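A.B. asks: With the working numbering, letter number 371 in the sequence shown gets 484, and the count goes up by one each step, no holes. Glycine residues also receive a C-beta, built at the ideal position from the N, C-alpha and C atoms. A quick note: this is a predicted structure, and the numbers were derived from the prediction, not measured.
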Amino acid sequence: MRVTKFSLKYIVWQILVGISIAISLIDAPLAFVLDFPLKQSTLLLDGIMTSIFIIDFFINHFFGPEGKNKKNRLRSSAFWIDLLASIPFDLIAYWFNLPHWLRILRLIRVLRMLKFVQMFVTIGNLAIIPSAVKAAFVISGTLITINAIGCGWLWIYPPGEVDQVTAYIKAIYWTITTVATIGYGDITPSDNLGRIFTMFVMVGGVVMYGIVIGSISKMIEASSRHKEQSKTKLNDLRLFVEHYALPEGLSNEIFSFYGHILTKRLSENDEQIIAELPIALQRDIKTYMNMKLISNVPAFKLCSIECLKDIAKSLQQMAYSPGEKIITTGDIGSEMFIIGHGSVEVFVGSNSVANLKSGQFFGEIALLEEVKRTADVVSQTYCDLYKLSKDNFLNLIKKYPELLKNMEKFMAKKLSALKE
């Protein structure tokens, strides 16, 4: 099955490739300017990076979302960049004992920066990518840029007698103070090439500073947008209640209802978002939302995925206001309830015996036996309940015998616990 740009596996793979590119973009210029010797660790890193790049090359140009365009493949600059970046230059130099200066070829991997930028833009625009991943890409891009500028400084002013670690730290220190436009003046260019390089870094630093701050601000705003909308909604509601001098009891009911709505949904547009999708997708979304709910029910935990899907499709959503009776003592039960949101209280006579909250359930005995209800169940808050009727349950156990076995085992354990 061909992967798509929006499939989870493809996105995870692209994130892994992005990490590999980031490591390669830091390692390649650093190894070049400091002239690192070829060690086992260097060769191992080169082998791992190369393996990832080769796999990514075939995914992108032969098997992935863009792999169908065979005619334009050889004309694509991305094809040749990915191909060149997949060559294991360190391993080739080691195996064939090539001249040391040929290691400059590994800088070809810096061309992968173009792909990193493309991935950065793509991930930044995808709403399905978590903010933490986007923040990681911003931080990675910043570190790569700082490292590249620092390596440029080391290329202009080699370490000489100074040890490499100290020289690199000084180069990064100079880079950060210059990019941040602080410029203490303790490290300065001593020739025209260095001064020209510094001027470009200063100008680029202003641009980079704006990009980083803008990206982080955008992510913070996006992550807190729902909270701000909720605060605005509740503040408007408070002003409305005060303006019309509504009674305290009525205003409490209004705030309770809106509190229920705001905690139940991600945003006010939830229903609209789902409604704009095709009917088939709407059904699938609601089924999987219900599956998440019933997967926490002990009697359903051992059921197969197909069984859970059919149970989820059989659920009927019910809404109850605070104080509304859901189950009455003495009635013949014909359904069980799962609490999607809110809380209920269970009474035996006038005594409260239990408080049930989201994810819990009640009335399940009615699915197995035709008995009278032995308790009253009353909603404490605004509740969203999901009802599974006995008729639907009987149809389900015909198709999935394991469901009946699981339910009977669960009921036996529950009755045994009650007797103890």
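Using DSSP bridges, identify the partner residues of VAL491.
C.D. replies: Along the sequence shown, one-based indexing puts residue 491 at 378. Per DSSP, LYS438, GLU458.
A.B. asks: Helix, strand or coil for VAL130? Go by DSSP, reduced to three states.
C.D. replies: Here residue 130 refers to the residue found at position 17 of the sequence shown. Helix at VAL130.
A.B. asks: Pick helix, strand or coil for ARG115, following the three-state DSSP scheme.
C.D. replies: Residue 115 sits at position 2 when you count from the first residue of the sequence shown. Bear in mind that a pLDDT of 48 at ARG115, under 50, signals an unreliable position, so the model cannot answer this.
A.B. asks: Residues in its own chain within less than 8 Å of MET114 by CB, not counting five upstream and five downstream?
C.D. replies: For the purposes of this step, residue 114 is taken as residue 1 along the sequence shown, with counting starting at 1. For MET114, the predicted model reports a pLDDT of 43, less than 50, meaning its position is unreliable and no value from the coordinates is stated.
A.B. asks: Could you tell me which residues DSSP pairs with GLU448 in its beta bridges?
C.D. replies: On the sequence shown, position 335 is the one that residue 448 refers to. For GLU448, which the question treats as bridged, DSSP gives the partners SER502.
A.B. asks: So LEU469 is in the beta strand (DSSP E); what residue range does that whole segment cover?
C.D. replies: Here residue 469 corresponds to residue number 356 of the sequence shown, with the count starting at 1. Taken as a continuous stretch (DSSP letters only), the beta strand (DSSP E) holding LEU469 covers 464-470.
A.B. asks: For LEU350, I'd like the list of residues in its chain whose CB is within less than 8 Å of its CB, leaving aside the five on either flank, ordered along the chain.
C.D. replies: If you number the sequence shown from 1, residue 350 lands on position 237. Answer for LEU350: ILE367, PHE368, TYR371, listed in chain order.
A.B. asks: Distance check for ALA248 and ILE269, CA to CA, integer angstroms please.
C.D. replies: Residue mapping note: residue 269 aligns to position 156 of the sequence shown, counting from 1. Residue mapping note: residue 248 aligns to position 135 of the sequence shown, counting from 1. Those two C-alpha atoms are separated by around 32 Å.
A.B. asks: Would VAL484 pass as a contact of GLY446 if the rule is Cβ separation under 9 Å?
C.D. replies: Looking up residue 484 in the sequence shown gives position 371. Looking up residue 446 in the sequence shown gives position 333. Going by C-beta atoms, VAL484 is nearer than 9 Å to GLY446.
A.B. asks: Rounded to a whole number of angstroms, what is the C-alpha to C-alpha distance between THR400 and LEU394?
C.D. replies: Locating residue 400 in the sequence shown gives position 287, where the first residue counts as 1. Locating residue 394 in the sequence shown gives position 281, where the first residue counts as 1. Whole-angstrom Cα-Cα distance: 10 Å.
A.B. asks: Which residues does DSSP pair with MET431 in a beta bridge?
C.D. replies: Position 318 of the sequence shown holds residue 431. For MET431, which the question treats as bridged, DSSP gives the partners LEU498.
A.B. asks: Pull up the CB-CB distance for LEU481 and PHE475, whole angstroms please, since I reckon it's below 8 Å.
C.D. replies: For this step, residue 481 is matched to residue 368 along the sequence shown. For this step, residue 475 is matched to residue 362 along the sequence shown. Between LEU481 and PHE475 the beta-carbon gap is near 14 Å, outside 8 Å, which marks them as no contact.
A.B. asks: With a CB to CB cut of under 7 Å and the five nearest residues on each side skipped, what residues in its chain are close to ASN464?
C.D. replies: For this step, residue 464 is matched to residue 351 along the sequence shown. Nothing meets the Cβ criterion.
A.B. asks: Tell me, please, which residues DSSP counts as bridged to LYS485.
C.D. replies: Start at 1 with the first residue of the sequence shown, and residue 485 comes out as number 372. DSSP output for LYS485 lists ILE445 as bridge partner(s).
A.B. asks: DSSP on GLY453, reduced to helix/strand/coil?
C.D. replies: For the purposes of this step, residue 453 is taken as residue 340 along the sequence shown, with counting starting at 1. Three-state DSSP puts GLY453 in a strand.
A.B. asks: Using only the alpha-carbon positions, how far apart do GLY462 and ILE329 sit?
C.D. replies: The count along the sequence shown starts at 1 and reaches residue 462 at position 349. The count along the sequence shown starts at 1 and reaches residue 329 at position 216. So the two alpha carbons sit approximately 58 Å from each other.
A.B. asks: Among all the DSSP beta bridges, which residues are the ones paired with PHE475?
C.D. replies: Taking the first residue of the sequence shown as position 1, residue 475 is located at position 362. PHE475 pairs with PHE450.
A.B. asks: Assuming SER253 and ALA135 make a contact with CB atoms under 8 Å, what is their CB distance in whole Å?
C.D. replies: Counting from 1 along the sequence shown, the entry for residue 253 is found at position 140. Counting from 1 along the sequence shown, the entry for residue 135 is found at position 22. Going by Cβ atoms, the distance from SER253 to ALA135 rounds to 5 Å, so yes, they are a contact pair.
A.B. asks: Decide yes or no for the touch test of the region 152-164 against the region 270-278: beta carbon pairs closer than 8 Å, at least 3 of them.
C.D. replies: no
A.B. asks: Nearest to ILE440 by CA position, among SER502, LYS414, THR487, is which residue?
C.D. replies: Counting from one through the sequence shown, the residue named residue 440 turns up at place 327. Of SER502, LYS414, THR487, the residue nearest in Cα terms is THR487.
A.B. asks: Given GLN429, which residues of its chain have a CB within under 6 Å of its CB, disregarding the five upstream and five downstream residues?
C.D. replies: The residue you call residue 429 lines up with position 316 of the sequence shown. Here GLN429 has LYS500 as same chain residues with Cβ atoms under 6 Å from its own Cβ, once five neighbours each way along the sequence are excluded.
A.B. asks: List the endpoints of the continuous alpha helix (DSSP H) containing PHE202.
C.D. replies: Indexing the sequence shown from 1 puts residue 202 at position 89. It spans 202-208 - the alpha helix (DSSP H) in which PHE202 sits, taken as one unbroken run.
A.B. asks: Mind checking which residues open and close the alpha helix (DSSP H) that includes ALA358?
C.D. replies: Here the question's residue 358 lines up with position 245 in the sequence shown. Premise fails: ALA358 is in no alpha helix (DSSP H) and is neither H nor E.
A.B. asks: Whole angstroms is fine: what's the gap from ALA280's alpha carbon to THR301's?
C.D. replies: Sequence index remark: in the sequence shown, residue 280 carries index 167 (1-based). Sequence index remark: in the sequence shown, residue 301 carries index 188 (1-based). Going from the Cα of ALA280 to the Cα of THR301 covers about 14 Å.
A.B. asks: For CYS420, which of PHE310, LYS503, HIS174, TYR513 has the nearest alpha-carbon?
C.D. replies: Start at 1 with the first residue of the sequence shown, and residue 420 comes out as number 307. Nearest C-alpha to CYS420: TYR513.
A.B. asks: Let me know if THR291 comes out buried or exposed under the rule of 16 or more other beta-carbons within 10 Å of its beta-carbon.
C.D. replies: For the purposes of this step, residue 291 is taken as residue 178 along the sequence shown, with counting starting at 1. Per the 10 Å Cβ criterion, buried.
A.B. asks: Take MET520 as the anchor and find which of ASN508, GLY472, CYS416 has the nearest alpha-carbon.
C.D. replies: The sequence position of residue 520 within the sequence shown is 407, counting from 1. Nearest option by C-alpha distance: CYS416.
A.B. asks: If you scan the region 133-178 from start to end, which runs of the beta strand (DSSP E) of 3 or more residues do you find wholly inside it?
C.D. replies: none
A.B. asks: Work out the CA separation of GLU341 and ARG308 for me, nearest whole Å.
C.D. replies: Here residue 308 corresponds to residue number 195 of the sequence shown, with the count starting at 1. Here residue 341 corresponds to residue number 228 of the sequence shown, with the count starting at 1. If I take the Cα positions, the gap works out to 47 Å.
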